[in-house]
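A quick write-up on the structure given underneath.
Protein chains in written order, with the working numbering: chain D, 163 to 456; chain Z, 8 to 1125.
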């Protein structure tokens, strides 16, 4: 099972180009779409969930064309949008029941069992009779993922799922997704939070200004950054100089000044020590360094 | 294909959501509470709710849904636009949009969800209504029909308003704009469009006639279904267009245009239905016009008289099969080569035979032209038979009412009722002469001989064969050989025959050889329980009532029987141009609307409770029998013996004569036939009916519009009766209520009554009436000519009235009355003090006039049997043309007020009121009683006075027409009406508006212009023609108006001031008169030197009061 995106572009009526000639191949497992706000992630997601008609290009999902075969594709979809906050007057279980009904679970008994199962899975069973509108932000997001997954979709599209969640909820959420990614499904996860990707994505794409900057596994991304991540001990004055020149990832105050981690090529600092990069370093390297210095 | 399961899922959750929304809950809660209270109130005896509601409680469900429908239309707009708004704003909805479903499934599911919740609410309110109808023991309407109401009222409205709201939301993409536009549309529909184009625009169904009869169901279900389907399909069309336009990518690329195509098909189907609906309505008008045109073509064709008509009617479900054997006679004085007969167009003729020989005929709509082998010679008699079968086209009825103004529905309370003129159902039949169910000779109504109605006096014999369980009712002695077979043999010739067939129960008794009875539809005999104690006294009561009525009208009942027979509430109460009563009054039979809902006093239970309460209050001991007797008498008097002034509840659909028994005393047994003056028959009839009635409406509430009589006078000033009959009466003010509108019938009645009342005043009441009574007695069961009547006048009164009648018919001139020298003082009659009133009346016009003098005495109030106030003293006075007469009256009690009711005359208002101030003046002598000639006078002004009245050319006015657009629209619609309006003190007009009032100045027309007080932007100017410069005393004429709800309350206009500007040689003098300081009448303003250039007085509307009026100014040379 895979999603093939070929030469996909999206230009809005106001002339804004959201996506430029995107080519991607997404296989089973969790696929991360990483990029800053406004990079085009949501546009791509909305195209994938048939909410938006692309200006050009094609998307194929298991040989189904996204434009011609919306029915079949929608049957495979589970979607959790970014702004999943407002509900009409439904209880938690009812909302899930509604989603289950729409996903084709017509038999009441089967549907009820599924609803309860998912409520259990996302830890909302105790809150099943609470108005969905009165759930906390994290609970709402869990309800969101439950409704997206309740019909056993083959493709799950999750847009910025951890924004605004506290660390505990965020971890819980990532775990749910990681668990899911073990099954034969495609999870497309869009985020600007690197941690979401690092916790389970097999592959990812880096989007910036509508362009794909990188596709591959997180390890490949990290590998590409090797030799460009440094740790420097700097005085106050030196720190200011470094900030001007390089993308600083972290700064830890020490007795002599600052211990600074930064990315860049040919660091002009005598005490710079090359360190092993992680995904965050890689993201920053790509976003802040590569794109700014192209 | 659409997935029902998906639609159902969406609908289910939409319904759940709506049921939980506070907006809907509050609306639903308020609706249930409000309508529940309303329903309960109807069944509380003391609520005063009309009998109609309790008599036909099945219709409560109709009312509930009608009231609810407006509310739900508005709420549906909000809910429909709300979900599209939410859909556009919330990403949450995208989790739904991303699901596999078509746009059609989604929108249809949403729509059905909204419909579900409203249907639940509708069913609750329907059940509330049904619950109350069970409570009312009088109900018998089947429940099945009630469930049609939600389908006919709510469903089309909701589907339409949902479709409209969705499509507006898609178009404007803004809920507020959509809401405002649609609210405006709803308001426009309710307040303006709903009566246009046969109620086509009334999507809420307020004016769609859906009242249900327990006897015969809906008035016209076909029309209702078409009307409601229009909105249902337009709504569906708009919903499908919404599906096409919704901001969600369609499920399938293949059929994206399908919703648009379906939408257009639905809209087009709606359009076809609109066309069908309008054609249905316009076809009625066209058919009527075609029938009239056809009648006109043969209007003067000589006809035979139908002497006998033996009818056999076989009632076969919704058709009748008939054999009608006539004996015809040629009394025309000439030979006849073509016979013209009338028969309902839906009755198909199978054969016509003349003297047993089949003859050819030509059928054209309702007319049958018989092609005769030989001409019919003078005075010959022949047998003519018609064999025919078919249905009844109701459009043949009432051709004499202007087809353009024809209305086939009416309102009773909140109910809209479709008029029915005839019924031919399986279990109910109602046919009158107008249904043309048996052949009649000649043509019916023609515009070339308006008001000409000359039916033959025919000896009928009717045999009816119908279902075994049904009962037939018609004129004549009834016999029944077998179940479902009835024979009717009237004792003497009749002008018309009617037939009712239904599941009737008969109650009757015979008093003095006359059988009196009621035919009530089984299940509707509610009245029996209210009259359980009067079976012994009933014959006596009936005898007394009959005597009472016959004494009043001076005629004797000629028939052997009198029945009341129940018909559906839909039965039309229209009145022919030539009739006194409605078609509900038939020879020997008076149709009554089911359970008597539009009759007076039929709510016997409430009436009994009111009687009992009153008696309890007055400590009166009365037996149940007494109460029942009173109720019975009141019922009979109020409905069948009512006089023209009696109050009536449903003035909008009938008048006081709609059910009068009177035609049975005159119109059905005799007829004055005149080619030249056909309306004389109605004139004589109305005179006979009203000649002994003294009730006069002398209590005009001062702010009402000009009354019906005054409107008739205004019409007669513009056109003679002849002209009006030829050109028809133009409805001047369509905003007036039905009971305020005047018809040609009203004008003929007023003119006719006036004519014969004049004769009476001229020839003496007793003598004239005795002569007329004898004349009518001598002409029973036949027609007579004008010449016959004139002969009597010549013989008895030595007077040929031909010229006078011609003048009466052709002249536009009206009498005019001037009254002066009204004096009241005391005189001594032996030891007794008596009260003398004298006055002089002149009629300077060239037409004789009639005036009714009325005097009200101090501390005296006279009431008749029906509790109507009678004047303490009244006398009709004849004032010949160009004459002045002085009158003197002596009363035992002191008169406090005298009125002169001027009938048909130039005078406006037609009721001149003079309050008499108690006088201590005692004059010697016995006083003067009677009349004597006096010096003729043609005006009431001083000889040297120069007066400019608001009606004169020298009077002009100015008004700043800076009106708001809306106000100008309102004013524009008013302009079409009559020149004079009523004084609306609570909201005086922003323009100078003409009003009449007894206290204003004027020769005949006592009028003024009035307007709201203001800053002086409206002025009135009196410009006199003064040729001689001199000192003049200047007066203004003022009528003080007590603006107060209470009779003796403080006037709310007493801080008004009159700001005059008097022009004189030295400039302009401002004079301010305060309302509280002036007297009604002429008020002196000062003496000034006036030249021809300065003979002007101005007044502005600057005043602190509520309103100001401009009447007349007088200059008197010193």
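Heads up, the beta-carbon is just placed ideally off N, CA and C, and yes, glycines get one too.
message: Considering Cα atoms alone, identify which of Z/731, Z/805, Z/785 is closest to residue 766 of chain Z.
response: Considering only alpha carbons, the answer is Z/805.
task: Drop a sphere of 10 angstroms on the beta-carbon of residue 455 of chain Z, count the other beta-carbons inside from all chains shown, and report buried for 16 or more, exposed for fewer.
output: Its Cβ having fewer than 16 others within 10 Å, residue 455 of chain Z is exposed.
- request: Quick one: give me the first and last residue of the alpha helix (DSSP H) that residue 902 of chain Z is part of.
  value: Where residue 902 of chain Z is concerned, there is no enclosing alpha helix (DSSP H), although the beta strand (DSSP E) it sits in stretches over 902 to 908.
query: What residue from D/355, D/317, D/347 has the CA that sits closest to residue 332 of chain D's CA?
result: Residue D/355 is the option with its Cα nearest to residue 332 of chain D.
field: Alpha-carbon spacing of residue 1004 of chain Z relative to residue 369 of chain Z, whole angstroms
entry: Those two C-alpha atoms are separated by around 60 Å.
query: So which residues on chain Z does residue 237 of chain D lean against when the C-beta distance must stay under 8 Å?
result: At a C-beta separation below 8 Å, residue 237 of chain D has these neighbours in chain Z: 107.
field: Rounded separation between residue 886 of chain Z and residue 856 of chain Z - CA only
entry: For the pair residue 886 of chain Z and residue 856 of chain Z, the Cα-to-Cα distance works out to about 5 Å.
query: Three or more beta-carbon pairs under 8 Å between the stretch 414 to 429 of chain D and the stretch 220 to 238 of chain D, yes or no?
result: In this structure the stretch 414 to 429 of chain D does not touch the stretch 220 to 238 of chain D; the number of beta carbon pairs closer than 8 Å is below three.
message: Using the Cβ count rule (16 or more neighbours within 10 Å means buried), how would you classify residue 894 of chain Z?
response: Buried: at least 16 other Cβ atoms inside 10 Å.
Unbroken beta strand (DSSP E) run spanning residue 397 of chain Z, endpoints: That run of the beta strand (DSSP E) goes 388 to 397.
Cβ-based contacts, 7 Å cut-off: residues of the stretch 210 to 239 of chain D near chain Z: Only 211, 212, 213, 215, 229, 230, 232, 233, 236, 237, 239 from the stretch 210 to 239 of chain D bring a Cβ to less than 7 Å from some Cβ of chain Z.
message: Between residue 254 of chain D and chain Z, is any beta-carbon pair separated by less than 7 Å?
response: Against chain Z, the CB of residue 254 of chain D has no partner CB under 7 Å away; the residue lies outside that interface.
task: Pick out whichever of Z/103, Z/90, Z/264, Z/82 has its Cα sitting closest to the Cα of residue 240 of chain D.
output: From the listed residues Z/103, Z/90, Z/264, Z/82, the smallest Cα separation to residue 240 of chain D is found for Z/103.
- prompt: If you compare alpha carbons, which of Z/82, Z/907, Z/167, Z/64 is closest to residue 187 of chain Z?
  reply: Nearest C-alpha to residue 187 of chain Z: Z/82.
- request: Show which residues of chain A have a CB atom less than 7 Å away from the CB atom of residue 28 of chain Z.
  value: The structure shown has no chain A; the protein chains it does contain are D and Z.
- prompt: Any idea if residue 1077 of chain Z is buried or exposed, counting beta-carbon neighbours within 10 angstroms, 16 or more meaning buried?
  reply: With fewer than 16 Cβ atoms within 10 Å of its Cβ, residue 1077 of chain Z is classed as exposed.
message: Does chain D have any CB closer than 7 Å to the CB of residue 20 of chain Z?
response: It does; some Cβ of chain D falls within 7 Å.
message: What does DSSP give as the partner residue(s) for residue 418 of chain Z in the beta ladder?
response: Beta-bridge annotation (DSSP): residue 418 of chain Z is paired with Z/423.
- request: Round the Cβ separation of residue 346 of chain Z and residue 397 of chain Z to the nearest angstrom and send it over; I've been treating them as touching at under 8 Å.
  value: Residue 397 of chain Z and residue 346 of chain Z do not touch by the CB rule: their CB atoms are close to 21 Å apart, not below 8 Å.
- prompt: Do you know offhand how far residue 230 of chain Z's Cα is from residue 155 of chain Z's?
  reply: Roughly 14 Å separates the two Cα atoms.
query: Is it the case that the Cβ atoms of residue 901 of chain Z and residue 865 of chain Z are separated by a distance below 7 Å?
result: Against a cut-off of 7 Å, the Cβ pair of residue 865 of chain Z and residue 901 of chain Z comes out as a contact.
3-residue-minimum beta strand (DSSP E) runs that sit fully inside the stretch 355 to 384 of chain D, ordered along the chain: Entirely contained in the stretch 355 to 384 of chain D, the beta strand (DSSP E) runs reaching 3 residues are, in chain order, 365 to 370, 373 to 378.
field: CB contact check: residue 309 of chain D to chain Z, cutoff 7 Å
entry: Judged by the 7 Å Cβ criterion, residue 309 of chain D is in contact with chain Z.
- request: Could you check which residue in Z/829, Z/679, Z/692, Z/750 has the C-alpha nearest to that of residue 793 of chain Z?
  value: Looking at the Cα atoms, Z/679 is the closest of the given residues.
message: Give me, in chain order, the residues of the same chain whose beta-carbon lies closer than 6 Å to that of residue 128 of chain Z; leave out the 5 immediate sequence neighbours on both sides.
response: Counting only Cβ-Cβ distances below 6 Å, and skipping sequence neighbours, we find 35.
query: What number of angstroms, rounded off, separates the C-alpha of residue 1073 of chain Z from the C-alpha of residue 726 of chain Z?
result: Cα to Cα, residue 1073 of chain Z sits roughly 48 Å from residue 726 of chain Z.
query: chain Z partners of residue 243 of chain D, CB-CB under 8 Å?
result: Taking a Cβ-Cβ threshold of 8 Å, the residues of chain Z close to residue 243 of chain D are 98, 99, 101, 102, in chain order.
field: Residue of D/324, D/274, D/173 minimising C-alpha distance to residue 214 of chain D
entry: Closest in alpha carbon position to residue 214 of chain D, among D/324, D/274, D/173, is D/173.
With 16 other Cβ atoms within 10 Å as the buried cut-off, status of residue 243 of chain D: Counting Cβ neighbours within 10 Å, residue 243 of chain D comes out buried, since at least 16 surround it.
- request: Apply the 10 Å Cβ neighbour rule to residue 174 of chain Z and answer buried if 16 or more other Cβ atoms are within range, or exposed otherwise.
  value: Burial call: buried.
- request: Using a cut-off of 8 Å between C-beta atoms, extract the partners of residue 258 of chain Z located in chain D.
  value: The contacting residues are 232, 233, 236.
field: Contacting positions in the stretch 283 to 296 of chain D - beta carbon closer than 7 Å to chain Z
entry: Those would be none; no residue qualifies.
- prompt: What first and last residue would you give for the beta strand (DSSP E) that runs through residue 450 of chain Z?
  reply: Here residue 450 of chain Z belongs to no beta strand (DSSP E), and DSSP marks it neither H nor E.
task: Pull up the DSSP beta-bridge partners for residue 864 of chain Z, would you.
output: For residue 864 of chain Z, which the question treats as bridged, DSSP gives the partners Z/902.
task: Return the Cβ separation of residue 1135 of chain Z and residue 458 of chain Z in integer angstroms, given the expectation that the two are a contact with Cβ distance under 8 Å.
output: Residue 1135 of chain Z is absent from the model: chain Z starts at 8 and stops at 1125.
- prompt: Can you name, in chain order, every residue of its own chain whose Cβ lies under 8 Å from the Cβ of residue 717 of chain Z, other than the five neighbours on each side?
  reply: Closer than 8 Å at the Cβ level, and outside the excluded window around residue 717 of chain Z, lie 915, 916, 917, 987, 1003.
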